[in-house]
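Here the protein sequences line up with chains B and H, keeping their order.
In the working numbering, each residue carries its 1-based index in the first sequence increased by 8.
In the working numbering, each residue carries its 1-based index in the second sequence increased by 8.
All C-beta atoms in this analysis are idealised placements derived from N, C-alpha and C, irrespective of residue type, glycine included.
Every value quoted in this text rests on a predicted model; they were computed, and no experiment measured them.
Number of protein chains: 2
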Amino acid sequence: MTNPIKIGIAGLGTVGIGVVKIIQQNEKILQARTGRKIEIVAVSAKAKNKNRGVDLSKYQWESDPISLAKRKDIDIFVELIGGHKGAAKDSIVAAIDTGKDIVTANKALLAHSGQELAEKTEGKNKLLRFEAAVAGGIPVIKALTEGLAGNRLTRVVGVMNGTCNYILTRMQSSGLNYEEIFKEAEALGYLEADPTLDVGGIDAGHKLALLASIGFGTKVNFDAVELEGIGQISIDDINHAADMGFRIKLLGVAQLNGDGLEQRMSPCLVPATSPLGQLEGGTNMVMLEGDHVGQIILSGPGAGEGPTASAVMSDIIDIARGVRLPTFGQPANILKEIQPVKSNTYAPYYLRLSLSDKPGALAKVASLLGDFGISIDRMRQYAHADDHAPVLIVTHATEPKSIEKALANLPKTGVVHDKPVALRIEPL
Amino acid sequence: MTNPIKIGIAGLGTVGIGVVKIIQQNEKILQARTGRKIEIVAVSAKAKNKNRGVDLSKYQWESDPISLAKRKDIDIFVELIGGHKGAAKDSIVAAIDTGKDIVTANKALLAHSGQELAEKTEGKNKLLRFEAAVAGGIPVIKALTEGLAGNRLTRVVGVMNGTCNYILTRMQSSGLNYEEIFKEAEALGYLEADPTLDVGGIDAGHKLALLASIGFGTKVNFDAVELEGIGQISIDDINHAADMGFRIKLLGVAQLNGDGLEQRMSPCLVPATSPLGQLEGGTNMVMLEGDHVGQIILSGPGAGEGPTASAVMSDIIDIARGVRLPTFGQPANILKEIQPVKSNTYAPYYLRLSLSDKPGALAKVASLLGDFGISIDRMRQYAHADDHAPVLIVTHATEPKSIEKALANLPKTGVVHDKPVALRIEPL
Numbered sequence: 009m010t011n012p013i014k015i016g017i018a019g020l021g022t023v024g025i026g027v028v029k030i031i032q033q034n035e036k037i038l039q040a041r042t043g044r045k046i047e048i049v050a051v052s053a054k055a056k057n058k059n060r061g062v063d064l065s066k067y068q069w070e071s072d073p074i075s076l077a078k079r080k081d082i083d084i085f086v087e088l089i090g091g092h093k094g095a096a097k098d099s100i101v102a103a104i105d106t107g108k109d110i111v112t113a114n115k116a117l118l119a120h121s122g123q124e125l126a127e128k129t130e131g132k133n134k135l136l137r138f139e140a141a142v143a144g145g146i147p148v149i150k151a152l153t154e155g156l157a158g159n160r161l162t163r164v165v166g167v168m169n170g171t172c173n174y175i176l177t178r179m180q181s182s183g184l185n186y187e188e189i190f191k192e193a194e195a196l197g198y199l200e201a202d203p204t205l206d207v208g209g210i211d212a213g214h215k216l217a218l219l220a221s222i223g224f225g226t227k228v229n230f231d232a233v234e235l236e237g238i239g240q241i242s243i244d245d246i247n248h249a250a251d252m253g254f255r256i257k258l259l260g261v262a263q264l265n266g267d268g269l270e271q272r273m274s275p276c277l278v279p280a281t282s283p284l285g286q287l288e289g290g291t292n293m294v295m296l297e298g299d300h301v302g303q304i305i306l307s308g309p310g311a312g313e314g315p316t317a318s319a320v321m322s323d324i325i326d327i328a329r330g331v332r333l334p335t336f337g338q339p340a341n342i343l344k345e346i347q348p349v350k351s352n353t354y355a356p357y358y359l360r361l362s363l364s365d366k367p368g369a370l371a372k373v374a375s376l377l378g379d380f381g382i383s384i385d386r387m388r389q390y391a392h393a394d395d396h397a398p399v400l401i402v403t404h405a406t407e408p409k410s411i412e413k414a415l416a417n418l419p420k421t422g423v424v425h426d427k428p429v430a431l432r433i434e435p436l
Numbered sequence: 009m010t011n012p013i014k015i016g017i018a019g020l021g022t023v024g025i026g027v028v029k030i031i032q033q034n035e036k037i038l039q040a041r042t043g044r045k046i047e048i049v050a051v052s053a054k055a056k057n058k059n060r061g062v063d064l065s066k067y068q069w070e071s072d073p074i075s076l077a078k079r080k081d082i083d084i085f086v087e088l089i090g091g092h093k094g095a096a097k098d099s100i101v102a103a104i105d106t107g108k109d110i111v112t113a114n115k116a117l118l119a120h121s122g123q124e125l126a127e128k129t130e131g132k133n134k135l136l137r138f139e140a141a142v143a144g145g146i147p148v149i150k151a152l153t154e155g156l157a158g159n160r161l162t163r164v165v166g167v168m169n170g171t172c173n174y175i176l177t178r179m180q181s182s183g184l185n186y187e188e189i190f191k192e193a194e195a196l197g198y199l200e201a202d203p204t205l206d207v208g209g210i211d212a213g214h215k216l217a218l219l220a221s222i223g224f225g226t227k228v229n230f231d232a233v234e235l236e237g238i239g240q241i242s243i244d245d246i247n248h249a250a251d252m253g254f255r256i257k258l259l260g261v262a263q264l265n266g267d268g269l270e271q272r273m274s275p276c277l278v279p280a281t282s283p284l285g286q287l288e289g290g291t292n293m294v295m296l297e298g299d300h301v302g303q304i305i306l307s308g309p310g311a312g313e314g315p316t317a318s319a320v321m322s323d324i325i326d327i328a329r330g331v332r333l334p335t336f337g338q339p340a341n342i343l344k345e346i347q348p349v350k351s352n353t354y355a356p357y358y359l360r361l362s363l364s365d366k367p368g369a370l371a372k373v374a375s376l377l378g379d380f381g382i383s384i385d386r387m388r389q390y391a392h393a394d395d396h397a398p399v400l401i402v403t404h405a406t407e408p409k410s411i412e413k414a415l416a417n418l419p420k421t422g423v424v425h426d427k428p429v430a431l432r433i434e435p436l
């Protein structure tokens, strides 16, 4: 193929404009690499006359993304509107119906409707590509779908929400509380309009569900992701974890577990000296584990104009080069429906308790933990001004449900104040 | 395509057997991912009756790899013999001449004959793929050729020889000398038959030249790589560098520099807290820097049966899936012949000198450095038993040729014993 490949871009926010810039600035390189001209035919966004800092005058303007999607003169419809329903979904469906290949950065939409859209696209022998939906500029979809395709995947682990990682690492470096750093992140524009998407782990959960589908050949099942946000993490947890050689990360883990698939996105402790433990600020990191390759780690900017646009471009370039793969690496109609399972793999846990400062209190707690088969690896009690002693416990590897039961029973000891915090220490 | 894809494997060493194992063990997964059966038709190696721990009885045996390459019943010729001439090259040429796609792990061959072989292959409209030639299991060729294809690459940096990294990190952890750890690595079977390939930086230099070609769209030019091995690194250097917050790595750097291409593989200092500084043992790490994506870091096992076979498989799977890209990401006949340039980008340097313990010695050195425009950032003099004082200097960013001139002139001061050591501190 040497004819130009023609694209329509719906959505001219940060990422859309980033894509326009790459196509304009790197025209010759792109042509050398694809053997074709990549031509923007038409664009669409809400406000036509907004100054976006790039020259859009040569492109047709569509006020409606669905009209853009239906244009006969485009080969690829690039959806950068966002949102898991409404215009994003409707325009993608229109593009599929009219025989376009699709490139999107929309993790929410794919997490909710990925299976449906993949089946629809593949039924038309077209492509639905989404490198930019996971981990920004890191080519992790490609690494998983293609680079490690010889492997039976054993585990996918990742820090995939830069805002949460920013908050957690800033708490550590500043010594300030969650609430204060949350406000700081908000002021810097790092948070989504609905911040729960970030700090509630939803956005990262979307990404995990997509990686799990590719890695394990299963239908995307975002609803089955066990979600826990970072709102409960206190500066004490951060500091105590650091004292014991750990960092707290909003960590996604997906793995096959017996006959089921375990997917969880929750704050976990990881060794401070591990690559994940060292991860600072808005950087993302994904660890892919395969039966033959072992552990591969990829890291890089998880968001932003250039990185995300770079990922969109890799999909556009693949299509221009004639690379044609199913959405999730194997045909959507053979992806397995798999039983979601709650994590039951053993791991050490970090427990933070506030104990009554009276004789026998610690003994009661230790005894209760013992009753649930939880054995203590390390314990620290900190100096305290009031009559509540902060006590930290690192357990030996324990079944998650034992921890749950112990947490439910701790109040009955009569010596534990506040709600105990329990965080998994993920083996890496 | 749903017909089986048929392969012939030449070379049944560690990697060849790893490939056989993956194809046997992951048959169903591979079929789901490619839509086809991947079928080994024939194999070739020196000794037919050696026990290799896998069942080869169903495959045709060829005692001559060239005969294997010429078989009419294979689609892909997988060259895992090794060596930059002889049977490896001859059999690849035979495979090209008879219209096969080629997958190889042979960095030496491609570093020396990549341009010639790529032109020959592409002239026949066939493929020459080599993911396994660089950084073992890390899908770095794919990340660079495809994942970051939207970017103008600005720099490629990497630790790509696991044996050297093992030696350097073991020296640090054990406090033992280069010579002792070299013997240890030899006993563990980590070194090539000709150890210069590893410790002289040649093997890593091959890999760098291949990455540079893809990244910058230039003809592979291994001869232009400035090579410096790790043999001169003493335990004192390791310790002193650590004292000042650095690690010593055999670091490859390729970047465009004015009108030329700079490629060097040499021991450098990197911050101890940086991802490259943290890299331990045989792990490889590559940092890819693009104009839009920023820095992407990939790490993983750089050698070994499973990881290298995983990389070979990714090429086989791509071909089975119908992915057809030029060898170096753009057609070989448009790759540019580019002027090699010696590094002239400024960087701070680490200098280790052995100074006469007499008044004015340090002043003479400082004055000489000043004469060459080299200004001192940090300096340490260590306690010493004899009359030679070890002195360490970290300079401010300096032009490499100033350092060269200073080194040439230091002996003239009459106060410097032994050969001074100068290592670049690579800005990351």
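Just to make sure I have the definition right: I need the residues of chain H whose C-beta is within less than 8 Å of the C-beta of residue i. Which are they?
{"i": "Lys-150(B)", "result": "Pro-147, Lys-150, Ala-151, Glu-154, Gly-155"}
{"i": "Pro-283(B)", "result": "Pro-283, Gln-286, Ser-307"}
Which residues in chain B have a C-beta closer than 7 Å to the C-beta of residue i? List them in chain order.
{"i": "Gln-338(H)", "result": "Ala-40, Arg-41"}
{"i": "Arg-332(H)", "result": "Gly-330"}
Can the beta-carbon of residue i be found closer than 8 Å to that of residue j?
{"i": "Ala-4(B)", "j": "Glu-87(B)", "result": "The first residue shown for chain B is 9 and the last is 436, placing residue 4(B) beyond what the model contains."}
{"i": "Val-331(B)", "j": "Arg-272(B)", "result": "no"}
{"i": "Ala-151(H)", "j": "Ala-151(B)", "result": "yes"}
{"i": "Lys-257(H)", "j": "Asn-185(H)", "result": "no"}
{"i": "Pro-309(B)", "j": "Ser-362(B)", "result": "no"}
{"i": "Pro-279(B)", "j": "Gly-253(B)", "result": "yes"}
{"i": "Ala-143(B)", "j": "Gly-337(B)", "result": "no"}
{"i": "Ile-433(B)", "j": "Tyr-357(B)", "result": "yes"}
Taking only the alpha-carbon atoms, compute the straight-line gap between residue i and residue j and give it to the nearest angstrom.
{"i": "Ser-121(H)", "j": "Asp-105(H)", "result": "16 Å"}
{"i": "Gln-180(H)", "j": "Tyr-390(H)", "result": "18 Å"}
{"i": "Glu-345(B)", "j": "Leu-269(H)", "result": "51 Å"}
{"i": "Leu-117(B)", "j": "Lys-108(B)", "result": "18 Å"}
{"i": "Val-165(H)", "j": "Val-402(H)", "result": "22 Å"}
{"i": "Gly-289(B)", "j": "Met-168(B)", "result": "11 Å"}
{"i": "Arg-255(B)", "j": "Glu-236(B)", "result": "17 Å"}
{"i": "Leu-431(H)", "j": "Glu-35(H)", "result": "49 Å"}
{"i": "Arg-60(H)", "j": "Phe-138(B)", "result": "42 Å"}
{"i": "Val-111(H)", "j": "Ala-103(H)", "result": "11 Å"}
{"i": "Val-49(H)", "j": "Phe-85(H)", "result": "10 Å"}
Rank the options by C-alpha distance to the C-alpha of residue i and give the top, closest one.
{"i": "Glu-124(H)", "options": "Lys-97(H), Gly-107(H), Ala-262(H)", "result": "Lys-97(H)"}
{"i": "Ile-100(B)", "options": "Pro-73(B), Asp-83(B), Lys-115(B)", "result": "Pro-73(B)"}
{"i": "Gly-422(B)", "options": "Leu-376(B), Pro-339(B), Gly-381(B)", "result": "Leu-376(B)"}
{"i": "Asp-231(B)", "options": "Ile-246(B), Gly-225(B), Phe-224(B), Ile-210(B)", "result": "Ile-210(B)"}
{"i": "Leu-343(B)", "options": "Ile-37(B), Glu-130(B), Lys-80(B), Leu-64(B)", "result": "Glu-130(B)"}
{"i": "Asn-133(H)", "options": "Leu-76(H), Val-373(H), Asn-341(H), Asp-245(H)", "result": "Asn-341(H)"}
{"i": "Ser-182(B)", "options": "Gly-378(B), Ile-89(B), Asp-244(B)", "result": "Asp-244(B)"}
{"i": "Val-424(B)", "options": "Arg-360(B), Arg-386(B), Ala-405(B), Ser-383(B)", "result": "Arg-360(B)"}
{"i": "Asp-395(B)", "options": "Ala-220(B), Asp-365(B), Glu-188(B), Val-373(B)", "result": "Asp-365(B)"}
{"i": "Ile-382(H)", "options": "Pro-408(H), Pro-367(H), Leu-370(H)", "result": "Pro-408(H)"}
{"i": "Val-349(H)", "options": "Gly-21(H), Ala-262(H), Val-294(H), Gln-303(H)", "result": "Ala-262(H)"}
Which chain H residues are close to residue i, counting only those with a beta carbon under 7 Å from its beta carbon?
{"i": "Arg-255(B)", "result": "Here the premise fails: no neighbours, minimum Cβ distance about 13 Å."}
{"i": "Ile-342(B)", "result": "Ala-40"}
What I want to know is whether the C-beta of residue i ends up closer than 7 Å to one or more non-hydrogen atoms of the ligand NAP.
{"i": "Gly-107(B)", "result": "By its list of ligands, the structure shown contains no ligand whatsoever, and the ligand NAP lies outside what it can speak to."}
Could you work out which residues of chain B lie near residue i, taking near to mean beta carbons separated by less than 8 Å?
{"i": "Ile-84(H)", "result": "Going along chain B, no residue has its Cβ under 8 Å from Ile-84(H), so there is no contact; the nearest lies around 14 Å."}
Note down, in chain order, every chain H residue with its Cβ under 9 Å from the Cβ of residue i.
{"i": "Ile-346(B)", "result": "Near Ile-346(B) there are no residues of chain H at all, since even the closest Cβ is about 14 Å away, more than 9 Å."}
> When Cβ atoms are compared, which residues of the segment 11 to 35 of chain H fall closer than 9 Å to chain B?
Replying inline: Gly-26, Val-27, Lys-29, Ile-30, Ile-31, Gln-33, Asn-34
> Using a Cβ cut-off of 7 Å, which residues of the segment 314 to 330 of chain H contact any Cβ in chain B, in chain order?
Replying inline: Gly-314, Pro-315, Ala-317, Ser-318, Met-321, Ser-322, Ile-325, Asp-326, Arg-329, Gly-330
> Which residues, taken in chain order from the segment 291 to 303 of chain H, show a beta carbon closer than 8 Å to some beta carbon of chain B?
Replying inline: Gly-298, Asp-299, His-300, Val-301, Gly-302, Gln-303
> Listed from N- to C-terminal order along the chain, which residues in the segment 158 to 177 of chain B have their beta-carbon within a distance smaller than 8 Å of any beta-carbon of chain H?
Replying inline: Those would be Gly-158, Asn-159, Arg-160, in chain order.
>> Under 7 Å, CB to CB, which of the residues in the segment 86 to 117 of chain H have a partner in chain B?
In response: Within the segment 86 to 117 of chain H, no residue qualifies.
> If contact means a Cβ-Cβ distance below 9 Å, which residues of the segment 200 to 225 of chain H contact chain B?
Replying inline: Gly-225
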